[in-house]
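J.: The numbers in the sequence shown follow our numbering, run straight up by one, and end at 686. Virtual Cβ for every residue (Gly too), placed ideally from N, Cα, C.
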Amino acid sequence: MQRIDQHIREITLKAVEALWGTILPEEQVQIQKTRRDFSGDFTVVVFPLLRYSKQSPEETGKALGRQMVEQSDLIDGYNVIKGFLNLIVAQRYWKGLLEEDLRTPRYGSSPVKEDAERVMIEFSSPNTNKPLHLGHIRNNLLGHSVARILEASGKVVRKVNLVNDRGIHICKSMLAWQLEGKGRDPASAGMKGDHMVGDYYVRFDQIYKEQIESLVQNGVSRKDAEQEAPVLLQAREMLRKWEADDPEVRQLWETMNSWVYEGFEDTYRRLGISFDRTYYESQTYSLGKEIVLKGLKDGVLYRKADGSVWADLEDEGLDHKLLLRSDGTSVYMTQDVGTAHQRYTEWPFDSHIYVVGNEQNYHFQVLSIILKKLGFAWAEKLYHLSYGMVELPEGKMKSREGTVVDADDLMDEMETTARQMSEELGKLSSYREDEREQIYRKVGMGALKYFILKVDPKKNMTFDPRESVDFNGNTGPFIQYTYARIQSVLRKGHRIQRAVGSLDLIEKEIALIRMMFDYPDVITEASRALNPSLVANFLYELAKEFNQFYHDHSILSAESREQVRQRLLLVEVAGRIIESGMALLGIEVPDRM
């Protein structure tokens, strides 16, 4: 069916031409959803038309309304409030939408065309010196959901990960293990490898601080002590050896990283996260160095007296950016230059999205500028999806101090909280234990994902595990419970054919259909804005609308068989859209709760 808002736009243009002899450009017709406190479905803003009608807003609206009702059998009536023409859409349109469009399995999604935009999206980007934590959870959930929303809007998406597996921070964990590990491995420690390596990163910081205090007590200034602490000098020497391919350092690096990768894979599996391609900084930094040295040779970059290589960004209103240290070792920017070049060579993209926290805004601004200076036209296609920090009620987390909430621990806590709250409510007492455990997992993970994704990515947020599992309010479990309620109704009425009949729809039914009509627009806008919270909050409003309908009106005990069939169809499509929307957020919906 043609979309009703497009139909209204077309008949508005025809009505203006018929009434006042003016051919309007489409963009001059302003159409909105009618506000809930007024009667109507769609509203045409009359004010821009007064210059053609030469009449008052009230007279112009009435004339336009009369003309549009005469022109279209899809408009049943109208009313004019000040300068706004509220149109009432005919029952047959809403019935047709329910019968045809809404019940199609992929309603809301756009097909992928041959010339579809190719989007690469990087997210996760963990360091191999520590496990994934709460901040990584927001990054992963945001990146994965944006990827699914982009795919639903008809784009070809490639999800990539960049593992930061080299650098001074990695050497810190390695050195602490050398000093105190005594041959310990994850199996002998009874720990996940990423957790064990993370403990050594914390231990390095403790040793480093102890040495600083010792130097200060022996008369060294704190500033000098921070640079001269023996353990820091050892870590720097280890990094130099790593870049020189020292076999012993490389062997330790490979071993400890392998422990971490096993841990990461388990965490990704639990989160439902996957990638099409994983890049490693250890493999891309050398390409970055080659590109930087070529830029130096071409005069785009410059070398300081100490041998370090820099980019002059003063013409762009910025400062000077280090690209190679005086000892020849690279920095993050260097490997990002190499990684971006490799990616575009392998899979020429129309746009590349970096999902990275807002503390890196400057970094990605500089990355784009440097790539342009180096002559890469595709640098214009890079976009930083900058998101806010996520904290716990007790405040910020710090990796080096060991005050970070590990992703695995948080997921365990979410499942435990879901179990406790379900048992308090007594909702699952009649289920088998294995069924209950599956539901606890889905509810716990759904609560975690929804609570994070319902917040606009640009905003900082505080994550409260218990609040997120509340079965009331704007939470994942509330929407999951609504879906389970829908499936329960459909199971009870599974023998009844679902179809639109001759009976008129009541206002609550139209309100539900009207809301579901918006689903494709929600996906389109969420894709444009790279904002899953638009989908999340749409689903909450839809679940609320459905529950109000369910509370006020009988479905299986409706007044007639025809009304039962029609309402079961309405329930079916509501469930399908909730399931589809939650999948875009990476959330499973249980059939029973």
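Sort Met213, Pro224, Leu255 by Cα distance to Arg241 and report the nearest one.
T.: Among Met213, Pro224, Leu255, the Cα nearest to that of Arg241 belongs to Met213.
J.: Leu661 and Phe639 look like a contact to me (Cβ under 8 Å); what is the Cβ gap, rounded to whole Å?
T.: The pair is not a contact, with the Cβ atoms about 13 Å apart (cut-off 8 Å).
J.: Could you give the distance in angstroms between the alpha-carbon of Asp278 and the alpha-carbon of Thr360?
T.: Cα to Cα, the separation comes out at about 19 Å.
J.: Report the partner residues of Ala404 according to the DSSP bridge assignment.
T.: According to DSSP, Ala404 bridges with Lys414.
J.: What's the C-alpha gap between Gln125 and Met675?
T.: So the two alpha carbons sit approximately 26 Å from each other.
J.: Quick one: Cα of Lys382 to Cα of Gln310, how far?
T.: C-alpha separation (whole angstroms): 41 Å.
J.: Using three-state DSSP, classify Gly170 as helix, strand or coil.
T.: It is a strand residue.
J.: Roughly how far, in whole angstroms, is the beta-carbon of Arg231 from the beta-carbon of Val483, given that I think they are within contact range, below 8 Å?
T.: Correct: roughly 5 Å between the Cβ atoms.
J.: Around the C-beta of Glu494, are 16 or more other C-beta atoms found within 10 angstroms, so that it is buried, or is it exposed?
T.: Low confidence applies here, because Glu494 scores a pLDDT of 49, under 50, leaving its location unreliable and the question unanswered by this model.
J.: Can you give me the Cβ contacts of Trp113 inside the same chain, cut-off strictly under 7 Å, excluding the 5 residues immediately before and after it?
T.: These residues qualify, in order along the chain: Tyr145, Ser146.
J.: As an exercise, report each continuous alpha helix (DSSP H) stretch of at least 4 residues that is fully enclosed by the region 592-624, in chain order.
T.: Counting whole runs of 4 or more residues, the region 592-624 contains the alpha helix (DSSP H) stretches 600-610, 612-622.
J.: Quick check on the DSSP output: what are the complete alpha helix (DSSP H) runs of length 4 or more inside the region 291-346, in order along the chain?
T.: Within the region 291-346, the complete alpha helix (DSSP H) runs of at least 4 residues are 315-321, 323-336.
J.: Please classify His226 as buried or exposed, where buried requires at least 16 neighbouring CB atoms within 10 angstroms.
T.: That one is buried.
J.: Distance check for Asp527 and Ile680, CA to CA, integer angstroms please.
T.: Using only the alpha carbons, I get a separation of about 20 Å.
J.: Of the choices Thr115, Ile97, Asp166, whose alpha-carbon is the least far from that of Val137?
T.: Among Thr115, Ile97, Asp166, the Cα nearest to that of Val137 belongs to Ile97.
J.: So, helix, strand or coil for Val212, using DSSP?
T.: Strand, per DSSP.
J.: Using only alpha-carbon positions, find the residue among Leu583, Val582, Arg512, Asp611 that is nearest to Asp563.
T.: Closest by alpha carbon: Arg512.
J.: Might you give, ordered along the chain, the residues of its own chain that have their beta carbon closer than 7 Å to the beta carbon of Thr427, omitting 5 neighbours on each side?
T.: Closer than 7 Å at Cβ, skipping near neighbours: Tyr378, Gly381, Lys382, Val385, Leu416, Leu417.
J.: Taking C-beta to C-beta, are Met161 and Ile116 nearer than 8 Å?
T.: Result no, Cβ atoms of Met161 and Ile116 do not sit closer than 8 Å.
J.: Which runs of the alpha helix (DSSP H), 4 residues or longer, sit entirely within the region 371-400?
T.: Those alpha helix (DSSP H) runs which fall completely within the region 371-400 and span 4+ residues are 374-390.
J.: Report all residues from its chain with a CB closer than 7 Å to the CB of Asn704; omit the five preceding and five following residues, and keep chain order.
T.: What is shown of the chain runs 94 to 686, which leaves residue 704 out entirely.
J.: If you count every other CB in all the chains shown that lies within 10 Å of the CB of Pro150, and 16 or more means buried, which is it?
T.: Buried, by the Cβ-count rule.
J.: On the CB-based measure, 16 or more other CB atoms within 10 Å of its CB, does Ile599 come out buried or exposed?
T.: So Ile599 counts as exposed.
J.: Going along the chain, which residues of its own chain have a beta-carbon closer than 7 Å to the beta-carbon of Leu178, five neighbours each way excluded?
T.: So the list reads Thr136, Val137, Val139, Gly154, Leu157, Gly158, Tyr171, once near-sequence residues are dropped.
J.: Would the region 458-475 count as touching the region 532-543 if we require 3 or more Cβ pairs under 8 Å?
T.: Touching, no, given that fewer than three Cβ pairs across the two stretches are closer than 8 Å.
J.: Nearest-angstrom Cα distance between Glu374 and Pro219?
T.: Each residue's alpha carbon lies about 11 Å from the other.
J.: Here's the rule: buried if 16 or more other CB atoms are within 10 angstroms of the residue's CB, otherwise exposed. What is Phe131?
T.: Phe131 should be labelled exposed.
J.: Where does Pro198 land, buried or exposed, given buried means 16+ other C-beta within 10 angstroms?
T.: Exposed, because fewer than 16 other Cβ atoms sit within 10 Å of the Cβ of Pro198.
J.: Enumerate in chain order the residues of its own chain whose CB-to-CB distance from Thr510 is below 7 Å, with the five nearest sequence positions on each side excluded.
T.: The residues are Gly537, Pro558, Arg559, Val562.
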